[in-house]
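See structure below.
2 protein chains.
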Amino acid sequence: MSLRNFLRTYFSSNRKMRQAIKNIFGFYPGNIFLYKQAFRHKSASLNHKSGSRINNERLEYLGDAVLGVVIADYLFRRFPFENEGFLTEMRSKIVSRSSLNKLSNKLGLKDFMRFSNTDIRQMKSVGGDAFEAFIGALYLDRGYHFTRKIIIKRIVEVHFDLDQLVQSEISYKSKIIEWAQKTRKKHQFQVISEETIKNRKQFKVAILIDNEVIAEAYDYTIKGAENLSAEKAWSLLSNNS
Amino acid sequence: MSLRNFLRTYFSSNRKMRQAIKNIFGFYPGNIFLYKQAFRHKSASLNHKSGSRINNERLEYLGDAVLGVVIADYLFRRFPFENEGFLTEMRSKIVSRSSLNKLSNKLGLKDFMRFSNTDIRQMKSVGGDAFEAFIGALYLDRGYHFTRKIIIKRIVEVHFDLDQLVQSEISYKSKIIEWAQKTRKKHQFQVISEETIKNRKQFKVAILIDNEVIAEAYDYTIKGAENLSAEKAWSLLSNNS
Numbered sequence: 001m002s003l004r005n006f007l008r009t010y011f012s013s014n015r016k017m018r019q020a021i022k023n024i025f026g027f028y029p030g031n032i033f034l035y036k037q038a039f040r041h042k043s044a045s046l047n048h049k050s051g052s053r054i055n056n057e058r059l060e061y062l063g064d065a066v067l068g069v070v071i072a073d074y075l076f077r078r079f080p081f082e083n084e085g086f087l088t089e090m091r092s093k094i095v096s097r098s099s100l101n102k103l104s105n106k107l108g109l110k111d112f113m114r115f116s117n118t119d120i121r122q123m124k125s126v127g128g129d130a131f132e133a134f135i136g137a138l139y140l141d142r143g144y145h146f147t148r149k150i151i152i153k154r155i156v157e158v159h160f161d162l163d164q165l166v167q168s169e170i171s172y173k174s175k176i177i178e179w180a181q182k183t184r185k186k187h188q189f190q191v192i193s194e195e196t197i198k199n200r201k202q203f204k205v206a207i208l209i210d211n212e213v214i215a216e217a218y219d220y221t222i223k224g225a226e227n228l229s230a231e232k233a234w235s236l237l238s239n240n241s
Numbered sequence: 242m243s244l245r246n247f248l249r250t251y252f253s254s255n256r257k258m259r260q261a262i263k264n265i266f267g268f269y270p271g272n273i274f275l276y277k278q279a280f281r282h283k284s285a286s287l288n289h290k291s292g293s294r295i296n297n298e299r300l301e302y303l304g305d306a307v308l309g310v311v312i313a314d315y316l317f318r319r320f321p322f323e324n325e326g327f328l329t330e331m332r333s334k335i336v337s338r339s340s341l342n343k344l345s346n347k348l349g350l351k352d353f354m355r356f357s358n359t360d361i362r363q364m365k366s367v368g369g370d371a372f373e374a375f376i377g378a379l380y381l382d383r384g385y386h387f388t389r390k391i392i393i394k395r396i397v398e399v400h401f402d403l404d405q406l407v408q409s410e411i412s413y414k415s416k417i418i419e420w421a422q423k424t425r426k427k428h429q430f431q432v433i434s435e436e437t438i439k440n441r442k443q444f445k446v447a448i449l450i451d452n453e454v455i456a457e458a459y460d461y462t463i464k465g466a467e468n469l470s471a472e473k474a475w476s477l478l479s480n481n482s
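Protein chains in written order, with this note's numbering: chain A, 1 to 241; chain B, 242 to 482.
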């Protein structure tokens with residue numbers, strides 16, 4: 001490629017990204033290089049002369065924290081009479097990996113991404129990671145207040161239905177994990193047995209707190225049995241405290 | 242107490258808190274009621290007419306997120322060539338419960354706190370929780386930029402030695418937990434056996450990833466054996482990836 005063609009392609013790709021960000025999020029980026037980095041998967045890392053690798057992982061770390069505080073703040077004000085357990089749970093529903101992956105697909109962020117090969121493109125979590133990295137880039141580019149406005153006006157209020165989220169099913173497993181972390185208890189979900197009944201596998205899962213079994217449950221998937229056992233455990237714990 | 246005395250005591254306690262915050266953090270609070278709420282332990286909750294209880298738990302939830310992003314941002318800029326694993330670990334060292342409890346004791350925050358009784362005052366995590374709630378109050382009172390300045394200039398740069406933190410011992414257990422959460426693997430630490438050798442108990446702990454034992458270790462405490470097994474597991478995982 002001649003230098004002239006290289007430069008043309010290069011600046012035209014920047015222009016396209018600027019325009020796409022304007023279309024999706026409603027603003028023109030200042031420093032386009034931050035956003036290009038946000039969409040660079042680690043499989044397509046560049047090498048920096050310091051020896052470090054340039055990709056979107058640092059921005060993802062930053063964006064995750066920025067998103068966390070903006071959503072925390074938003075829910076804090078939106079639900080003035082709810083306790084912190086409710087707020088924590090609502091936030092998890094919004095910023096969970098699966099929620100952010102869905103959001104990223106809806107916004108079409110994968111189209112901007114650079115990977116080493118297309119297999120990686122198929123990986124689910126790539127989308128949510130890229131969204132977080134985008135938020136990190138936005139924060140560095142335009143600061144906290146602007147980022148907060150974009151997250152609330154262009155993301156939360158457009159793509160999330162809070163009333164429906166309040167109703168949506170609770171993961172008892174995450175409640176137990178959160179409780180265990182908060183109270184510094186050791187928790188384990190353990191598959192106790194696996195039986196095939198009428199050609200269908202059934203799993204028995206136990207939940208252990210500080211090495212003692214406190215509940216058990218059966219289901220056709222490990223995940224299902226875990227959540228059922230967690231629900232039993234949760235009802236025990238709630239009655240005790 | 243006469244109304245006059247009540248009012249005198251009331252305003253004098255507000256004045257004391259204002260002055261103490263100025264002495265410790267270098268600024269006069271605007272809305273003192275936010276800070277009073279930050280120092281109200283749940284055991285001394287007030288009842289709101291909505292039925293909700295007024296204490297520092299909501300502010301703690303908010304402050305935890307604010308602290309998270311300010312430290313993430315600070316480390317991001319301070320260590321431009323380190324990867325996100327390093328940044329995550331450094332942040333954990335700063336905002337861990339034990340680190341914040343120590344900080345809170347150093348600052349003397351417990352002196353402001355309201356409890357239902359003095360037993361609760363002795364609980365370790367009360368200090369760290371109050372510090373986070375204070376940060377939540379500060380954020381609502383003075384906004385993001387001011388809060389960021391206070392955290393960096395009056396907390397991080399005064400009370401933390403980053404060079405020493407870089408060197409400080411790594412918890413392999415937290416590395417494993419973090420890795421498992423990131424890669425969505427199931428992890429368990431399991432006490433396999435407990436033997437008394439020469440009048441001293443020795444524990445054998447196994448670490449299971451997706452229900453398979455990948456490392457085992459012995460130590461005189463469960464915690465020690467867990468960390469040793471995690472260290473072995475970590476070295477296996479690092480060689481594989």
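For each residue, glycine too, the CB sits at the ideal point set by N, CA and C.
Everything numeric in this text was worked out from a predicted model, so none of it was measured.
Is the distance from the Cβ of Y10 (chain A) to the Cβ of I21 (chain A) below 8 angstroms? For Y10 (chain A) and I21 (chain A), no; Cβs fall outside 8 angstroms.
Taking the alpha helix (DSSP H) that K245 (chain A) belongs to, which residues open and close that run? The shown model of chain A, from 1 to 241, leaves out residue 245 (chain A), and the question about it has no answer.
Classification of H428 (chain B) by the beta-carbon crowding that lies within 10 angstroms, buried from 16 upward = H428 (chain B) should be labelled buried.
Hey, I433 (chain B) and A447 (chain B) are a contact pair by Cβ (cut 8 angstroms); roughly how many whole angstroms apart?
With a beta-carbon spacing of about 5 angstroms, I433 (chain B) and A447 (chain B) fall inside the 8 angstroms limit used to define contacts.
### Task
Could you check the C-alpha separation between L315 (chain A) and R148 (chain A) for me, to the nearest Å?
The displayed coordinates of chain A run from 1 to 241. Any statement about residue 315 (chain A) would go beyond what the structure contains.
(message) So L62 (chain A) contacts chain B; which residues on that side make the cut at Cβ distance below 7 angstroms?
(response) Within chain B, the residues near L62 (chain A) are A313, D314 and F317.
Does the ligand NAP have a heavy atom nearer than 7 angstroms to the CB of V399 (chain B)? Judged by which ligands are present, the structure shown has none, so any question about the ligand NAP falls away.
Original post:
If you compare alpha carbons, which of B:L344, B:V310 and B:I295 is closest to Y385 (chain B)?
Top reply: Each of B:L344, B:V310 and B:I295 was checked against the Cα of Y385 (chain B), and the nearest Cα belongs to B:V310.
Exercise for review: Report all residues from its chain with a CB closer than 7 angstroms to the CB of H400 (chain B); omit the five preceding and five following residues, and keep chain order.
Suggested key: Cβ neighbours of H400 (chain B) beyond the five flanking positions: L344 and K347.
Exercise for review: Determine the extent of the alpha helix (DSSP H) in which F274 (chain B) is found, giving its start and end residues.
Suggested key: It spans I273 to A279 - the alpha helix (DSSP H) in which F274 (chain B) sits, taken as one unbroken run.
message = So E132 (chain A) and E226 (chain A) are supposed to be a Cβ contact under 8 angstroms. How far apart are they, rounded?
response = Contact between E132 (chain A) and E226 (chain A) does not hold, since the beta-carbon distance rounds to 26 angstroms and is not under 8 angstroms.
* Please determine, among A:A130, A:N211, A:I176 and A:L165, the residue with the shortest C-alpha to C-alpha distance to L87 (chain A). => Of the residues A:A130, A:N211, A:I176 and A:L165, the one whose Cα lies closest to the Cα of L87 (chain A) is A:L165.
Burial state of P29 (chain A) (16 or more Cβ within 10 Å)
Under this definition P29 (chain A) is a buried residue.
Task: Amino acids of chain A, ordered along the chain, whose beta-carbon sits closer than 9 angstroms to that of H289 (chain B) - done: Neighbours of H289 (chain B) on chain A, chain order: F81.
**Prompt:** What does a CB cutoff of less than 8 angstroms around A285 (chain B) pick up in its chain, not counting 5 residues either side in sequence?
**Reply:** The answer, listed in chain order, is N296, R355, F356 and S357.
| Are the beta-carbon atoms belonging to K442 (chain B) and Y459 (chain B) less than 8 angstroms from one another? | If you check the CB distance, K442 (chain B) and Y459 (chain B) do not come in under 8 angstroms.
Q) Under a three-way DSSP split, which group does T424 (chain B) fall into? A) Note: T424 (chain B) maps to coil in three-state DSSP.
Q.
Rounded to the nearest angstrom, what separates A421 (chain B) and E231 (chain A) at their Cα positions?
A. Distance between the alpha carbons of A421 (chain B) and E231 (chain A): 22 angstroms.
Practice prompt. Quick one: give me the first and last residue of the alpha helix (DSSP H) that E82 (chain A) is part of.
Written response: First-last for E82 (chain A): undefined, no H or E at that position.
Q.
Taking the beta carbon of F317 (chain B) as the centre, do at least 16 other beta carbons fall within 10 Å, making it buried, or is it exposed?
A. Looking at its Cβ environment, which holds 16 or more other Cβ atoms inside 10 Å, F317 (chain B) is buried.
- Quick one: which residues of the region 203-215 of chain A get their C-beta closer than 9 angstroms to a C-beta of chain B? List them in chain order. Cβ contacts with chain B: L208 and N211.
- prompt: Going along the region 219-240 of chain A in order, which residues come within less than 7 angstroms of chain B, judged by CB to CB distance?
  reply: Here the close residues number zero.
> Where DSSP assigns a beta bridge to L208 (chain A), which residues make up the other side?
Replying inline: Note: L208 (chain A) sits in a beta bridge opposite A:Q188 and A:V213.
* Asked: Would you report the Cα separation of S366 (chain B) and E330 (chain B), rounded to the nearest angstrom?
  -> Computed Cα separation, rounded: 21 angstroms.
Expressed to the nearest angstrom, what Euclidean distance is found between the alpha-carbon atoms of T221 (chain A) and I177 (chain A)? Straight-line Cα distance between these residues: approximately 19 angstroms.
Does chain B have any CB closer than 8 angstroms to the CB of R8 (chain A)? No, its Cβ sits nowhere closer than 8 angstroms to a Cβ of chain B.
field: N23 (chain A) burial status per 10 Å Cβ neighbour count (16 or more: buried)
entry: Answer is exposed; the Cβ neighbour count stays below 16.
Exercise. Who are the near neighbours of R4 (chain A) in its chain, counting only those whose CB is closer than 8 angstroms to its CB and skipping five residues on each side?
Worked result: Excluding residues within five positions, none has a Cβ falling inside 8 angstroms.
Original post:
Straight-line CA distance for N423 (chain B) to D129 (chain A)?
Top reply: As written in the sequence, residue 423 (chain B) is Lys, which differs from the Asn given in the question. A straight-line Cα-Cα distance of about 11 angstroms links K423 (chain B) and D129 (chain A).
Check: Quick one: what's R294 (chain B) bridged to in DSSP?
Finding: Per the DSSP secondary-structure output, R294 (chain B) pairs in a beta bridge with B:N288.
### Message
Please list, in chain order, the chain A residues whose beta carbon lies closer than 8 angstroms to that of L328 (chain B).
### Response
Here the neighbours are R58 and Y61.
task: Tell me whether G252 (chain A) is buried or exposed, calling it buried when 16 or more other Cβ atoms sit within 10 Å of its Cβ.
output: Nothing can be reported for residue 252 (chain A), as the shown portion of chain A is limited to 1 through 241.
Consult DSSP for S345 (chain B) and reduce its assignment to one of helix, strand or coil.
Note: S345 (chain B) maps to helix in three-state DSSP.
Q) Given S476 (chain B), which residues of its chain have a CB within under 8 angstroms of its CB, disregarding the five upstream and five downstream residues? A) Answer for S476 (chain B): no residue qualifies.
Given this structure, state the Cα-to-Cα distance separating L138 (chain A) from R40 (chain A), to the nearest angstrom.
Their backbone Cα atoms lie some 15 angstroms apart in a straight line.
Classification of G26 (chain A) by the beta-carbon crowding that lies within 10 angstroms, buried from 16 upward
Flag for G26 (chain A) reads exposed.
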